[in-house]
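At the far end of the sequence shown sits residue 418, using my numbering, and the numbering has no gaps.
Just so you know, even glycine gets a beta-carbon here, dropped at the ideal spot from N, CA and C.
Okay, structure first, notes after.
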Amino acid sequence: MTVSTTRAFSLVTRRAASGLTLTASQLNTVPLLQANLTVRLPIETRADTAALEVLAACWSSHPAGARLEQQGGMVSVHRTRKWLMFSILATSDLLPLLADTLTDVIHTQYPQQLVDAAAAKVAQQATLVNAQPAVDSVRQMWTRFYGHLPPEADPSPGAEEVLGVTARQVTEAHRRFIVPQHADLALVGAAAPEYCLDRFETALTSWHPSRTAPLPAPRELAGLSPGVVTCDRPGRQQTQIRLVSAAQPRTGIADFAANQVAAAVLGGSFSSRINTVLREEHGLAYRCKAAPDFIDRDVFIIEADVTAARAAEAMHHLHRLTEEFATDGPTEEELAAAVGFITGTYALNLGSQLGRVALLNACSTQQLPGTALVDIPAAAARLTVHDVRRAAAHCHPSRLRGAVCGEGENLPDHWF
């Protein structure tokens, strides 16, 4: 067991015999307790993602969830790339019911009738999701990055893929993927950490480890040239620009902090370079940003939604901004502002139950220990302009991959 106490928060972490990692943090701002389970998924095929989407829908309609909701609790479940997220929330006096709810859901059975109903619901949602232009642009971005679209990077399976899922496939997906050794449980709220850990660990003793595929190594990158292409979508009034680059390799928490600061300066706030130029000075986009992300490695993602007639102008500015930033890095003033922004963001989120549990989930999905929530702001405060310039170099146009998806009649076939 690991106990970490800082000025910001206390954290108790325990690894169960099954391999499940449990983390608890007490915060008495409101009389609630939230339990968030994150399961890492070694997805291999599109059939895996379809089965997992149906599995998640089966969980969302589980009688245990309805039982909790009848007591005023809340239940949510979804898959994000290579992670399945299951969250339950209730007043802290219902802690035993929360633990029982999680246990019951973990042991879900999948009769064909349940699977058919879940598949129908997921198929309907997939039809709506796949009609969104932003989903198309994300697919094109990851395709340029990897040279193909990895199944875990696809925001949604097709409706026809989901409707073909059988009860046997969902049962097999549960056996392969829903294993404690690939799972983290975060508990945040108005309850003593040791009591939380004891109660949930006891409730989950029947969740046994099983043989499963190892977590995969990062996929090979394509190195395609040109890196950014136009995807002609005739008639669209809005053009989605989606760009991605591999961030500097992470050798420690300082590298992660430098990536966060670099993204904040480039496009992480209203005063950032991309927002100032595209949104404020030229009125090209209401929504534009640069942000760090993690899929199987740390990456930078740049997004801008612009009117079709001004897409070329927006790309011209993005090329200039990323080239200048990659070459020169931030100014001292930008560095100080970005560090203050990140420090404040962590402090605000750590001060609320929902924010704290969301940050712990982010640690799970980005392969960080819970103590990173304090270590990252501290590391950011020690960064120099040179440190952030080294991270910013990975945003150079020559490193970017992605797509400009929209009316392409007057646009070049490729950009850089």
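The way I'd put it, the stretch 207-218 does touch the stretch 34-54; three or more beta-carbon pairs between them come closer than 8 Å.
The beta carbons of valine 359 and glutamine 142 sit no closer together than 7 Å.
Between leucine 96 and glutamine 73, the C-beta spacing is below 7 Å. For leucine 165, DSSP assigns no beta-bridge partner whatsoever.
Under the Cβ criterion (8 Å, minimum of three pairs), the stretch 21-37 counts as touching the stretch 169-186. Residue burial annotation: valine 41 is buried, with at least 16 other C-beta atoms found within 10 angstroms of its C-beta. Histidine 80 is bridged by DSSP to Met87. By the C-beta density criterion, glutamine 126 is exposed, having fewer than 16 other C-beta atoms within 10 angstroms.
A straight line joining the alpha-carbon of histidine 318 with that of threonine 386 spans about 29 Å. Taking a cut-off of 8 Å on C-beta distances, the stretch 287-304 does not touch the stretch 232-240, as fewer than three cross pairs fall below it. Residue pairing for asparagine 38: DSSP places it in a beta bridge opposite Ser89 and Ala188. The beta carbon of serine 158 is closer than 8 Å to those of Glu55, Gln127, Ala128, Val131, Asn132 and Val137 in its chain, skipping five residues each way along the sequence. Around the beta carbon of proline 98, a 10 Å sphere encloses fewer than 16 other beta carbons of the protein chains shown; the residue is thus reported as exposed. Boundaries of the beta strand (DSSP E) around glycine 408: 403-408. Under the three-state reduction of DSSP output, valine 387 falls in the helix class. Excluding sequence positions up to five before and after isoleucine 255, its CB lies within less than 7 Å of the CB of Ala374, Asp377, Ile378 and Ala381, all in the same chain and listed in chain order. Secondary structure remark: continuous alpha helix (DSSP H) runs of at least 4 residues inside the stretch 239-275, in chain order: 255-269. Under the DSSP assignment, serine 12 falls in the beta strand (DSSP E) whose first and last residues are 12-17. Take the alpha-carbon of phenylalanine 343 and the one of serine 354: they are about 17 Å apart. Counting only residues of its own chain and dropping the five nearest sequence neighbours on each side, leucine 361 has a CB closer than 6 Å to the CB of Asn351 and Leu375.
In this structure, the alpha-carbon of histidine 388 lies about 7 Å from that of glycine 331. Inter-segment contact for the stretch 277-286 and the stretch 366-373 is absent: fewer than three beta-carbon pairs are separated by less than 8 Å. A contact is defined here as three or more CB-CB pairs under 8 Å, and the stretch 192-206 fails this definition with respect to the stretch 159-166. In the three-state reduction of the DSSP assignment, histidine 416 falls in the strand class, which pools E and B.
Shown here, valine 107 sits in a helix according to DSSP, grouped into three states.
Apart from sequence neighbours up to five positions away, the residues of its chain that approach aspartate 307 with a beta-carbon distance below 8 Å are Ala136, Gln240, Thr241, Gln242, Ile243, Ala287, Tyr288, Arg289 and Cys290, ordered along the chain.
In the DSSP assignment, serine 27 falls within the unbroken beta strand (DSSP E) covering 23-28. Following the DSSP letters along the chain, one finds alanine 66 inside the alpha helix (DSSP H) bounded by residues 65-71. For proline 135, there is no enclosing beta strand (DSSP E); the residue is found in the alpha helix (DSSP H) stretching over 135-148.
Residues Thr110, Tyr112, Leu116, Val117, Ala120 and Val172 of the same chain have their beta carbon placed closer than 8 Å to that of cysteine 60, with the five preceding and five following residues left out of the count. Around the CB of glutamine 114, fewer than 16 other CB atoms lie within 10 Å, so the residue is classed as exposed. When the alpha-carbon of serine 208 is set against those of Ser27, Leu104 and Glu222, the nearest one is in Leu104. Annotation: aspartate 95 is outside any beta strand (DSSP E) and is labelled neither H nor E by DSSP. Nearest neighbour of proline 228 by Cα position, chosen from Ala26, Ala265, Thr82 and Phe418, turns out to be Phe418. In the structure shown, the three-state DSSP call for aspartate 50 is helix. Beta-bridge partners of cysteine 290 (DSSP): Ala306.
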